[in-house]
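Letter 175 of the sequence shown, counting from 1, is numbered 175 in UniProt numbering, and no numbers are missing. Even for Gly, the Cβ is constructed at its ideal location relative to N, Cα and C.
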Amino acid sequence: MATKVYIVYVIALDFASSSLSIHPTRIADFMYYSMYGHVETLAEEIRKGAASVEGVEAKLWQVPETLPEEVLSKMSAPPKSESPIITPNELTEADGFVFGFPTRFGMMAAQFKAFLDATGGLWRTQSLAGKPAGIFYSTGSQGGGQETTALTAITQLVHHGMVFVPIGYTFGAGMFEMENVKGGSPYGAGTFAGDGSRQPTELELQQAFHQGKYIATITKKLKGSTTA
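This is the structure we're talking about:
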């Protein structure tokens, strides 16, 4: 069976200023919260990158919304993605994860934090210990938390005993782009929402694809798969 990689993300509002018998590797968690779809766009590219690795099954999930419909309506929130909503126990089915979210005051959005707060049972049994996990994010500005959001999110992985897999500088020359604004860091892929009109650039999407492929490769190795 293939290695399973879950990409879990939060879909909601982004308040950026207005042939062997081997188990498939399953990476399955991208979590994002985005009014304008920035994190969702990155999540899809990460999924493509993970799925490009032979023997890896990559799946997108979203975490539950916490705001009532009345509030979402007043905020002119768009319809939700068709990605299924994940439950804490479904995390145990994955071999690895990539978690994605927008930033709120330098930290992950409350929707994602609420989901992680509901994983106490998994923490008690250390059901996720030893599983690799990556992080990606979107911020409203260059000083909006591209690194602090990742840094504060790592604590969630640590308490579960998960293995944080940053991309480091494996993306190569793209990490040193200075001519144009580019999100992301050694912690993971990222983008800037600005006033909401800015969308992930081609370079940011390439970095997201790279992250998906990179963590899928690491997850497959940790699982002990023998296929190339």
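Apply the 10 Å Cβ neighbour rule to Val5 and answer buried if 16 or more other Cβ atoms are within range, or exposed otherwise. Of the other Cβ atoms in all chains shown, 16 or more fall within 10 Å of the Cβ of Val5; this residue is therefore buried.
Spatially closest choice to Ser138 from Lys48, Thr92, Gly174, Ala150, by CA coordinates: Of the candidates Lys48, Thr92, Gly174, Ala150, the one whose C-alpha sits nearest the C-alpha of Ser138 is Ala150.
What residue range is occupied by the uninterrupted alpha helix (DSSP H) comprising Ser73? Annotation: the continuous alpha helix (DSSP H) that includes Ser73 extends over 69–74.
Which residues in the same chain have their Cβ closer than 6 Å to the Cβ of Phe115, if we skip the five residues on either side of it in sequence? For Phe115, where only same-chain residues beyond five positions count, the Cβ hits under 6 Å are Val63.
Judging by CA-CA distance, which residue of Thr152, Phe176, Ile218, Ser81 is the nearest neighbour of Arg104? Check the Cα spacing between Arg104 and each of Thr152, Phe176, Ile218, Ser81: the tightest is with Thr152.
Beta-carbon contacts of Thr170 that lie in its chain and below 8 Å, excluding the five residues immediately before and after: For Thr170, where only same-chain residues beyond five positions count, the Cβ hits under 8 Å are His210, Tyr214.
Quick one: measure Cβ to Cβ for Gly96 and Ala133, integer angstroms, because I've assumed they're closer than 8 Å. Right, the Cβ-Cβ distance comes to about 7 Å (below 8 Å), so this counts as a contact.
Of the choices Phe112, Ile154, Leu128, Ala193, whose alpha-carbon is the least far from that of Leu67? Each of Phe112, Ile154, Leu128, Ala193 was checked against the Cα of Leu67, and the nearest Cα belongs to Phe112.
Extent of the continuous alpha helix (DSSP H) run through Gln207: Run containing Gln207: 202–223, per the alpha helix (DSSP H) assignment.
Residue span of the beta strand (DSSP E) that contains Gly121, given as start and end: No beta strand (DSSP E) contains Gly121, which is instead part of the alpha helix (DSSP H) from 120–125.
Ser127 to His160 span [Cα, whole Å]: When rounded, the separation of the alpha-carbon atoms in Ser127 and His160 is 8 Å.
Residue range of the beta strand (DSSP E) that Glu57 falls in? Note, Glu57: beta strand (DSSP E), 56–63.
Arg47 burial status per 10 Å Cβ neighbour count (16 or more: buried): Buried is the call here.
Can you name the start and end residues of the alpha helix (DSSP H) that Ile154 belongs to? In this chain, the alpha helix (DSSP H) harbouring Ile154 covers 148–160.
Roughly how many angstroms lie between the CA atoms of Gly120 and Trp61, to the nearest whole one? Trp61 has its alpha-carbon roughly 20 Å from the corresponding atom of Gly120.
In the DSSP assignment, find the beta strand (DSSP E) that holds Val98 and state where it starts and stops. Boundaries of the beta strand (DSSP E) around Val98: 96–104.
Would you decide whether Phe176 is buried or exposed? Buried here means 16 or more other CB atoms lie within 10 Å of its CB. Per the 10 Å Cβ criterion, exposed.
Is it buried or exposed, Met108, if we count other Cβ atoms within 10 angstroms and call 16 or more buried? Buried, by the Cβ-count rule.
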